[in-house]
Every structure is written in C-alpha cells, then in structure tokens.
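Asker: Be aware that the first sequence starts at 18, since it is given in this note's numbering, and climbs by one per residue.
Please find one structure pasted underneath; my questions will follow.
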Amino acid sequence: MQYWLFKSEPESFGIDHLKRARTTVWDGVRNYQARNYLRTAEVDDLAFFYHSKAQPPGIAGLCRVTAANVVDPTQFDPDSKYFDPKSTRAEPRWQTVKVRFVEKFATYISIDTLRDTFAEDDLMILQKGSRLSVTPVNRKVAERILKVARA
DNA sequence: GCCAACGTTGGC
DNA sequence: GCCAACGTTGGC
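As structure tokens, this is what we get:
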C-alpha cells in the first residue's frame, strides 16, 4: 500500500465536493510526471487531499484509490478544458485513478504546519518550485501527517 | 536537437 | 494580482 498527495483547488473541487460526491475520477492531470505516478497507483492506496491556491494551502483530508489505470474521459471531450486532440481511444495518453472519500481531517494541516513538521526532503510539495499535482508520500511521513490530522 | 517564446502553477 | 519556476511548443 502506497501513500500519495493529490492537489486540487478547492474553488473548483475540494474535499467537501468529494465528500458529497463520495467518489470521483481524478481527471485533468496533464503533466507526464504526475501521470506516470498515477499509472503506478493501485487499489487501496491512500491519498492526502491537498488544497492548493487556498488560504492557507494545506492538507484537508484523505481519500482511497478504488480503481487503478482509469482512462481519463475528459481527454476525448472537445468541450472539456482537458481535451487532448492528440489522444485517441485506441491509444489514450492520460490515465488516472478513481478515488473514494475517506475523511475530512479534524485538524486542517496548513503548509506552515507542514513546513514546521517536515524537512523539504520529506515531502515533495515543500520543495522550491515543485508544481507536481501528484506526488508519493513515504509511509513514515504519512503516519506523522495522520497523527497531526487526528489530534 | 536547440532554445526563445509562451503558457501554467501555486505560494505569497 | 504578481511572478518565480517550471513545462511545452515550434521555428530553425
């Protein structure tokens, strides 16, 4: 079982949206490095739900992967902002996962708290210039995040 | 295959 | 809204 951190802007889709929807296809990832991580995600992996462009940015909750290697349908939709004209149904470019809501944390973990708690090397999103929307989180770090979140 | 121009991300 | 740090595009 692997832990991840998924970023999303709560103004468009936040933890409360996921709670209401219960599940969602994590669509719209259009960065190859992030996609490559998504391709390695497996059912039952857990992902921290990070609110980017929030005030303050931070980890809002947790979700679980319920389907792996899901073809992102938005790549075929000309009306979607994630439409990719170079993608074909025979050879889709963008795979992702389906996730289910697990919990909204009792304690929202702001980026300041993350910086106070972890070193840059512990968490990829703390590294300068890091913009990846999907990043792996090692087990030890993940367990410390959970401890803070549930305190 | 280089690289300038352009577009995007996301903290501040 | 600014802008640093990336990532992508396309002419050459």
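Don't be surprised by glycine CBs; every beta carbon is placed ideally from N, CA and C.
Fair warning: this is a prediction, and the values are worked out from it, not measured in the lab.
Give every residue of the same chain whose Cβ lies closer than 7 Å to the Cβ of Ala85, excluding the five residues on either side of it in the sequence, and list them in chain order.
Answerer: Within the first sequence, residue 85 is the residue found at index 68, counting from 1. For Ala85, where only same-chain residues beyond five positions count, the Cβ hits under 7 Å are Ala58, Glu59, Val60, Val114.
Asker: Using alpha carbons as the reference points, say which of Leu163, Lys145, Tyr20, Ala168 lies closest to Pro82.
Answerer: The count along the first sequence starts at 1 and reaches residue 82 at position 65. The amino acid occupying residue 82 in the given sequence is Val; Pro does not appear at that position. Nearest C-alpha to Val82: Tyr20.
Asker: In angstroms, rounded to a whole number, what distance separates the CA positions of Asp89 and Phe66?
Answerer: To locate residue 89, count along the first sequence from 1; it is residue 72. To locate residue 66, count along the first sequence from 1; it is residue 49. When rounded, the distance between both Cα atoms is 19 Å.
Asker: According to DSSP, simplified to helix, strand and coil, what is Thr130?
Answerer: The sequence position of residue 130 within the first sequence is 113, counting from 1. Correct three-state label for Thr130: helix.
Asker: Answer yes or no: do Val46 and Val151 have a C-beta to C-beta separation smaller than 8 Å?
Answerer: Looking up residue 46 in the first sequence gives position 29. Looking up residue 151 in the first sequence gives position 134. Yes. Within cutoff.
Asker: Can you tell me which of Gly75, Val116, Leu140, Asp101 puts its alpha carbon nearest to the alpha carbon of Leu15?
Answerer: Not covered by the structure: residue 15. The range shown for the chain is 18 to 168.
Asker: Throw me the rounded Cβ distance for the Ile128 and Val165 pair, which I believe falls under 8 Å.
Answerer: Counted from its first residue, the first sequence places residue 128 at position 111. Counted from its first residue, the first sequence places residue 165 at position 148. With 8 Å as the limit, Ile128 and Val165 do not qualify as a contact, their Cβ atoms being about 13 Å apart.
Asker: How many angstroms separate the CA atom of Ala64 from the CA atom of Asp96?
Answerer: For the purposes of this step, residue 64 is identified with residue 47 of the first sequence, where counting begins at 1. For the purposes of this step, residue 96 is identified with residue 79 of the first sequence, where counting begins at 1. Spanning the two alpha carbons is a distance of roughly 29 Å.
Asker: For Phe23, which three-state DSSP category applies?
Answerer: Indexing the first sequence from 1 puts residue 23 at position 6. Look at Phe23 here: in three-state DSSP terms it is strand.
Asker: For a test of the three-state rule: what should DSSP assign to Pro153, helix, strand or coil?
Answerer: Translated into the one-based positions of the first sequence, residue 153 becomes position 136. Correct three-state label for Pro153: strand.
Asker: Pick from Lys145, Ala136, Gly146: whose alpha carbon is nearest that of Arg161?
Answerer: Translated into the one-based positions of the first sequence, residue 161 becomes position 144. Minimum Cα distance to Arg161 is reached at Ala136.
Asker: Apply the 10 Å Cβ neighbour rule to Phe100 and answer buried if 16 or more other Cβ atoms are within range, or exposed otherwise.
Answerer: Residue 100 sits at position 83 when you count from the first residue of the first sequence. Taking a 10 Å sphere around the C-beta of Phe100, we find fewer than 16 other C-beta atoms and assign the residue as exposed.
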